[in-house]
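Student: Quick one: the structure is below, and I'll ask about it shortly.
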Amino acid sequence: MERMHQYKPHDRDTQAKQMRAPLFEGLLEHAAHHPLAFHIPGHKSGRGMDDAFREMIGERALALDLINIAPLDDLHAPHGMIREAERLAAEAFGADHAFFSVQGTSTAIMAMILATTGPGEKIIVPRNVHKSVLSAIVFAGALPIFIYPEMDRTFGISHGISYTSLERALMLHPDARAVLLINPTYFGVSCHLHTYVELSHAYGVPVLVDEAHGAHLYFHPDLPSSAMEAGADVAAVSMHKLGGSMTQSSLLLQQGKRVSAQRLQAFMSMLQTTSTSYLLLASLDTARRQMATRGKELLSRTIALSQRLKNAIRTIPGLSVLDDSVLAYDSAYALDPTKITVQVAGLGISGYEAEQYLREHARIEVELSDLYNVLFLITPADDETSIDRLIDSLTDLSAAFQKNGAYAPTDILLPDMPALAMSPRDAFYADVERIPLSGSAGRVMAEFIMVYPPGIPILMPGEIITQDNIDYIEANVAQGLPVQGPEDATLATIKVIKERLPLR
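So the sequence shown is numbered by UniProt numbering: it starts at 1 and just counts up by one.
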């Protein structure tokens, strides 16, 4: 396979600049002067906190839990150390602009969708998007043009959308205001992002990328291509997931002229709290410094550990691991080696049962489990000891359940995409009523129904329910597949838009 992307290490001058962490350094300098504070937060460097919590967190950390007073800049109108930190982040990630988020990648995703789509305007999205995408579509009043992702029949998971399906969607909807792509998927699969971006741009449509699981892609040549390198216009990046910052801290990256940086900044300001956490901001600044200056070194070790883990799993009876064979799918061009998807169907148990076993018998917590699989994330925090412990625990898992006998994952055949009768926003605000699922064909859905796996919405607010949808849901329930979304967990009834009958 051709090289996934041309990683460009920083030159000496850039590397020297990237050694700085202006926001973190500014906080340290401010705290070192021990100012007498008569402003929020009211705990005032931890002195007003519960003793046990203060001792656990530490007074030095709490001294940096500050607010946007004049010496510390303001995230909503950055002009000093926050602006400098964001500029360094943009440089490190190869973007024109970077905006810090202290409300996770969900806020960054909402901002990029709201900045590009409005009421009644179309946005092309995979059906397996994060709920923040669907929330943003409701807020914007946009019309989603959904594309089913490719299904992996071996692991029972969804990958990305195929190039052909995106091309067809753009041909049918050339007036779309944006295309949203996922890079990589939760399970680490990336499409040939360059070609998808080129295709969308040929139609004059900007590309937004949910890069929640791809912060590390920017810093090593053996990882799949990043959104900015592939030419995408905007990307929402979860620095806290795989980039080393604190939970809830993320980045929004922008390049080019198709999407206004000023408009993105405006929506980020509208959506984010005015009580900004400077601990989260400082962790973004220092995580960027670490990845920009040491990322290749750290990730080389991480990739080696991941490969060692995969090789070991292949020798454990009853377990199989997602590997490069997945690249046979049209939507799969590269696989992130640091995401380890282990199928446990060969042990005759579910991923949920495997997760519970590892928690109770090995004190190991996993990233995700579903009906067939368990997902492990390997990061620069891991070492030989943690990998050895995981290998030993998976070996014990195999020994405990191998006598159960294997079972084959159920073939996942999705029903045809339902027609959209009204925008998700209109459906969200409409009057609703509850009726039996069995008799709901022809009605307009008012809530979500998802079957796991593959975790793709079968019905969404605003869509017309068909008998095929009902049959599919009932068949999956009969097989014992978990169904999520409806308020009525039994699925005997669902919420639909209330019909207004004519007066007689």
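C-beta atoms are modelled at their ideal positions from N, C-alpha and C, and glycine is treated no differently. Everything numeric in this text was worked out from a predicted model, so none of it was measured.
As an exercise, report each continuous beta strand (DSSP E) stretch of at least 3 residues that is fully enclosed by the stretch 68-126, in chain order.
Tutor: DSSP runs (the beta strand (DSSP E)) wholly in the stretch 68-126: 97-101, 122-126.
Student: Is the beta carbon of residue 75 less than 8 angstroms from the beta carbon of residue 30?
Tutor: Here residue 75 is taken as the residue at index 75 of the sequence shown, counted from 1. Here residue 30 is taken as the residue at index 30 of the sequence shown, counted from 1. No, the pair does not count as a contact, with Cβ atoms beyond the cut-off.
Student: Quick one: grab the DSSP three-state call for residue 128.
Tutor: Here residue 128 is taken as the residue at index 128 of the sequence shown, counted from 1. DSSP places residue 128 in coil when its eight states are reduced to three.
Student: For the ligand ADP, any of its heavy atoms closer than 7 angstroms to the Cβ of residue 477?
Tutor: In terms of ligand content, the structure shown is empty, and the ligand ADP therefore cannot be addressed.
Student: Can you tell which of 244, 311, 155 has its C-alpha closest to the C-alpha of residue 289?
Tutor: Locating residue 289 in the sequence shown gives position 289, where the first residue counts as 1. The shortest Cα separation from residue 289 among 244, 311, 155 belongs to 244.
Student: Judging by CA-CA distance, which residue of 37, 216, 400 is the nearest neighbour of residue 319?
Tutor: Along the sequence shown, one-based indexing puts residue 319 at 319. Looking at the Cα atoms, 400 is the closest of the given residues.
Student: How far does the beta strand (DSSP E) with residue 144 in it extend, from its first residue to its last?
Tutor: Along the sequence shown, read from residue 1 onward, the residue named residue 144 stands at position 144. 143-147 is the span of the beta strand (DSSP E), which, as asked, contains residue 144.
Student: Run the CB neighbour count on residue 140, radius 10 Å, all protein chains shown included, and call it buried at 16 or more, exposed below.
Tutor: The residue given as residue 140 occupies position 140 in the sequence shown. The residue is buried, with at least 16 neighbouring Cβ atoms inside 10 Å.
Student: With DSSP as the reference, label residue 376 as helix, strand or coil.
Tutor: As a first step, residue 376 must be located in the sequence shown, where it is residue number 376. Strand, per DSSP.
Student: Secondary structure at residue 47, three-state DSSP: helix, strand or coil?
Tutor: Counting from 1 along the sequence shown, the entry for residue 47 is found at position 47. Coil, per DSSP.
Student: Counting only the same chain and skipping the five closest in sequence on each side, list residues whose C-beta sits under 8 angstroms from that of residue 396.
Tutor: Residue 396 sits at position 396 when you count from the first residue of the sequence shown. These residues qualify, in order along the chain: 361, 362.
Student: Determine the closest residue to residue 451 out of 444, 474, 439, 23, with distance taken between C-alpha atoms.
Tutor: Mapped onto the sequence shown, residue 451 falls at position 451. It is 474 whose Cα lies nearest to the Cα of residue 451.
Student: Return yes when the Cβ of residue 364 is within less than 8 angstroms of the Cβ of residue 342, no when it is not.
Tutor: Sequence index remark: in the sequence shown, residue 342 carries index 342 (1-based). Sequence index remark: in the sequence shown, residue 364 carries index 364 (1-based). Contact flag unset, no.
Student: What does residue 339 pair with, by DSSP beta-bridge criteria?
Tutor: Numbered from 1 along the sequence shown, position 339 holds the residue referred to as residue 339. Residue 339 is bridged to 377.
Student: How would you label residue 463, buried or exposed, when you count the other beta carbons within 10 angstroms and need 16 or more for buried?
Tutor: What you label residue 463 is simply residue 463 of the sequence shown in a count that begins at 1. The residue is buried, with at least 16 neighbouring Cβ atoms inside 10 Å.
Student: Report back the beta-carbon spacing between residue 538 and residue 223 to the nearest angstrom; my notes put them in contact at under 8 angstroms.
Tutor: Residue 538 cannot be examined here, being either before or after the span of the chain that is shown, 1 to 504.
Student: Within 10 Å of its beta-carbon, does residue 172 have 16 or more other beta-carbons around it, so buried, or fewer, so exposed?
Tutor: The residue you call residue 172 lines up with position 172 of the sequence shown. The residue in question, residue 172, is exposed, as its Cβ has fewer than 16 Cβ neighbours within 10 Å.
Student: So who's on the other strand from residue 432, going by DSSP bridges?
Tutor: Position 432 of the sequence shown, counting from 1, holds the residue named residue 432. In the DSSP output, where bridge partners are listed per residue, residue 432 has 497.
Student: In this structure, how does DSSP classify residue 465 when only helix, strand and coil are distinguished?
Tutor: Start at 1 with the first residue of the sequence shown, and residue 465 comes out as number 465. Looking at residue 465 - three-state DSSP - the assignment turns out to be coil, as it is neither helix nor strand.
Student: Select from 262, 407, 442 the residue whose C-alpha is nearest the C-alpha of residue 350.
Tutor: Within the sequence shown, the letter at position 350 stands for residue 350. It is 407 whose Cα lies nearest to the Cα of residue 350.
Student: Taking all protein chains shown into account, do 16 or more other C-beta atoms lie within 10 angstroms of the C-beta of residue 149, making it buried, or fewer, making it exposed?
Tutor: For the purposes of this step, residue 149 is taken as the residue at position 149 of the sequence shown. Buried.
Student: Note down, one range per segment and in chain order, each beta strand (DSSP E) of at least 3 residues found wholly within the stretch 246-301.
Tutor: Whole beta strand (DSSP E) segments, 3+ residues: 250-254.
Student: Can you give the Cα-Cα distance for residue 344 and residue 283, rounded to whole angstroms?
Tutor: Indexing the sequence shown from 1 puts residue 344 at position 344. Indexing the sequence shown from 1 puts residue 283 at position 283. About 36 angstroms.
Student: Is there contact here, the stretch 375-395 with the stretch 190-205, by at least three beta-carbon pairs under 8 angstroms?
Tutor: As far as the Cβ criterion goes, the stretch 375-395 does not touch the stretch 190-205, which means the pair count is below three.
Student: Between the stretch 105-122 and the stretch 146-166, can you find at least three pairs of beta-carbon atoms closer than 8 angstroms?
Tutor: The stretch 146-166, when compared against the stretch 105-122, does not touch it at the 8 angstroms Cβ threshold.
Student: When DSSP builds the beta bridges, which residues end up paired with residue 420?
Tutor: Numbered from 1 along the sequence shown, position 420 holds the residue referred to as residue 420. Paired residues: 463.
Student: What separation, rounded to the nearest whole angstrom, lies between the Cα atoms of residue 498 and residue 422?
Tutor: As a working mapping, residue 498 is identified with position 498 in the sequence shown. As a working mapping, residue 422 is identified with position 422 in the sequence shown. Going by the C-alpha atoms only, they are around 13 angstroms apart.
Student: Can you grab the Cα-Cα spacing for the pair residue 327 / residue 377, in whole Å?
Tutor: In the sequence shown, residue 327 corresponds to position 327, counting from 1. In the sequence shown, residue 377 corresponds to position 377, counting from 1. For residue 327 and residue 377, the distance between alpha carbons rounds to 20 angstroms.
Student: How long is the line joining the alpha carbons of residue 104 and residue 143, rounded to whole angstroms?
Tutor: Indexing the sequence shown from 1 puts residue 104 at position 104. Indexing the sequence shown from 1 puts residue 143 at position 143. The straight-line gap from Cα to Cα measures roughly 24 angstroms.
Student: Between which two residues does the beta strand (DSSP E) carrying residue 450 extend?
Tutor: The residue given as residue 450 occupies position 450 in the sequence shown. From DSSP, the beta strand (DSSP E) with residue 450 extends over 449-451.
Student: Say whether the stretch 264-281 touches the stretch 76-93, bearing in mind that this needs 3 or more beta-carbon pairs closer than 8 angstroms, one atom from each stretch.
Tutor: Touching, yes.
Student: Anyone know if the C-beta pair for residue 306 and residue 337 falls short of 8 angstroms?
Tutor: Start at 1 with the first residue of the sequence shown, and residue 306 comes out as number 306. Start at 1 with the first residue of the sequence shown, and residue 337 comes out as number 337. Yes; because the gap between Cβ atoms is below 8 angstroms, this pair is in contact.
Student: In chain order, what residues of the same chain have a beta carbon less than 8 angstroms from the beta carbon of residue 261, not counting five sequence neighbours either side?
Tutor: Taking the sequence shown and counting its residues from 1, the one referred to as residue 261 is at position 261. Result list for residue 261: 96, 97, 254, in chain order.
Student: Using the Cα positions of residue 293 and residue 188, report the straight-line distance between them to the nearest angstrom.
Tutor: Locating residue 293 in the sequence shown gives position 293, counting from the first residue. Locating residue 188 in the sequence shown gives position 188, counting from the first residue. Answer to the nearest angstrom: the Cα atoms are 24 angstroms apart.
Student: Whole angstroms is fine: what's the gap from residue 249's alpha carbon to residue 467's?
Tutor: Start at 1 with the first residue of the sequence shown, and residue 249 comes out as number 249. Start at 1 with the first residue of the sequence shown, and residue 467 comes out as number 467. In a straight line, the C-alpha of residue 249 is about 43 angstroms away from that of residue 467.
Student: Assign residue 354 to one of two classes, buried (16 or more other C-beta atoms within 10 Å of its C-beta) or exposed (fewer than that).
Tutor: For the purposes of this step, residue 354 is taken as residue 354 along the sequence shown, with counting starting at 1. Residue 354 should be labelled buried.
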